[in-house]
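Protein sequences, first through last, are from chains A and B.
Using my numbering, you'd call the opening residue of the first sequence number 1 and step up by one each time.
Using my numbering, you'd call the opening residue of the second sequence number 1001 and step up by one each time.
Working notes for the structure below.
2 protein chains.
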Amino acid sequence: MTGLSGEVDAVLDGFQRAIRVEPNFDACPVRGVLDRIGDKWSTLMVLTLALRPHRFGELKRAIPDISQRMLTQTLRDLQRDGYVARRVFPTTPPAVEYSLTDLGRSLMTPLSGLVDWAVRTRGAVEAARVAFDRENV
Amino acid sequence: MTGLSGEVDAVLDGFQRAIRVEPNFDACPVRGVLDRIGDKWSTLMVLTLALRPHRFGELKRAIPDISQRMLTQTLRDLQRDGYVARRVFPTTPPAVEYSLTDLGRSLMTPLSGLVDWAVRTRGAVEAARVAFDRENV
DNA sequence: AGCTCTAGTCTCGAATTGAGACTGCGTCCA
DNA sequence: TGGACGCAGTCTCAATTCGAGACTAGAGCT
């Protein structure tokens, strides 16, 4: 047995069944969802928008090392998947407000579990990295 | 108020504090951990290794659309971070077994929460995509 | 001698990303 | 009246990353 809780086993079973059932592995819809979440900028952006709605420029300042190009593109992708809502105020200069939808907010529960895990394990990960780099010159 | 549970709020607070404290945003250790998890292949590989240990070739067959190059590289990265253990049997032809470490297994709880969420929401995401594509010609 | 098997590495063209210049258009200040 | 500014992008080009597939070592099998 795996030593994991029953809940985890159930999810694993579901995962295994999902990829078995899906003849085209690449088209697995769970992968489609996970790939978006797994994107370098997506989680960061969802986490930032969870604090409060942001305008385009605010997001750029909140995540200083993202390029405008990727900011635009990631926002579009999140919007397309229904996680983020885009509201345009036809003023000059233009104002655009991005906010999480209910679907986007529903991601916060599993995502915060992951962030929490990351915070708890980062020490172990850092130690593992140092050990690995020491052994592999 | 955000409408989220207190637990999520607490994690968000932690996240916000973490990025505030970190002067070099790019070096935030949580991001380092999340970036690895967020990798296109990492989650898939962890999920596969959670089923049972796999040899290199088995992994390649289990995840048919990964290139050898990325398979090697992702496994190295996961090993470096201490999620995966690599065991070499000095036979010919060589045999190498990859398995999850305790640290790697500890990821299964939050990760399965995410997979579960992906399974539950994929219908809504698919609908959002169709609606978006219809509106944007 | 030649073929097979495994776990990689190497090379090269293709796709993705980053840095930053540029746009449109009203407002503010002179 | 005209010049600079702010905002939310788009466009271009260079750098980085990725995928596909050829190639390697060394023992066993025929």
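Note that CB positions come from ideal geometry on N, CA and C, so glycine has one too.
- Between the alpha carbons of Y1083 (chain B) and I63 (chain A) lies a gap of roughly 28 Å.
- Judged by beta-carbon spacing, S1106 (chain B) lies beyond the 9 Å limit of H1054 (chain B), meaning their Cβ atoms are not closer than that value.
- Residue-level contact by beta carbon fails for M70 (chain A) and chain B, as no gap is shorter than 9 Å.
- Close to R1086 (chain B), with beta-carbon spacing below 9 Å, lies no residue of chain A; the smallest spacing is near 10 Å.
- K40 (chain A) belongs to the set of residues whose beta carbon lies under 9 Å from a beta carbon in chain B.
- In the three-state reduction of the DSSP assignment, L1100 (chain B) falls in the strand class.
- Under the Cβ criterion of 9 Å, L1075 (chain B) is not counted among the residues facing chain A.
- At a cut-off of 9 Å between C-beta atoms, M1108 (chain B) counts as an interface residue with respect to chain A.
- In the three-state scheme derived from DSSP, where H, G and I count as helix and E and B as strand, R36 (chain A) is classed as helix.
- Closest by C-alpha distance to V33 (chain A), out of A:D77, A:V11 and A:D9, is A:D77.
- Look at R52 (chain A) here: in three-state DSSP terms it is coil, with no helix or strand label.
- The region 40-51 of chain A and the region 68-76 of chain A touch, with no fewer than 3 CB-CB distances between them shorter than 8 Å.
- Beta-bridge pairing by DSSP links V11 (chain A) to no other residue.
- According to the DSSP secondary-structure assignment, A1062 (chain B) is paired through a beta bridge with no residue.
- When DSSP reads this structure, R1087 (chain B) sits in a beta bridge with B:E1097.
- Secondary structure of L107 (chain A) (DSSP, three-state): coil.
- If you draw a 10 Å sphere on the C-beta of P1093 (chain B), you find fewer than 16 other C-beta atoms in it, and that means exposed.
- S1112 (chain B) carries a helical assignment under DSSP once its states are collapsed to helix, strand and coil.
- Judged by DSSP secondary structure, D1077 (chain B) falls within the alpha helix (DSSP H) whose first and last residues are Q1068 to R1080.
- For the set A:L103, A:D133 and A:T121, the Cα lying nearest the Cα of A1124 (chain B) is the one of A:L103.
- Take T1048 (chain B), set aside five residues on each side of it, and the residues of its chain with a beta-carbon closer than 7 Å to its own are H1054, L1059, A1062 and I1063, in chain order.
- With a cutoff of 9 Å on beta-carbon distance, R80 (chain A) and A1128 (chain B) are scored as near each other.
- Per DSSP, reduced to three states, the secondary structure at T1043 (chain B) is helical.
- Apart from sequence neighbours up to five positions away, no residue of its chain approaches T1091 (chain B) with a beta-carbon distance below 8 Å.
- By the 16-neighbour rule on beta-carbons within 10 angstroms, R52 (chain A) is exposed.
- Put simply, the CB of P29 (chain A) is near chain B, with a gap under 9 Å to one of its CB atoms.
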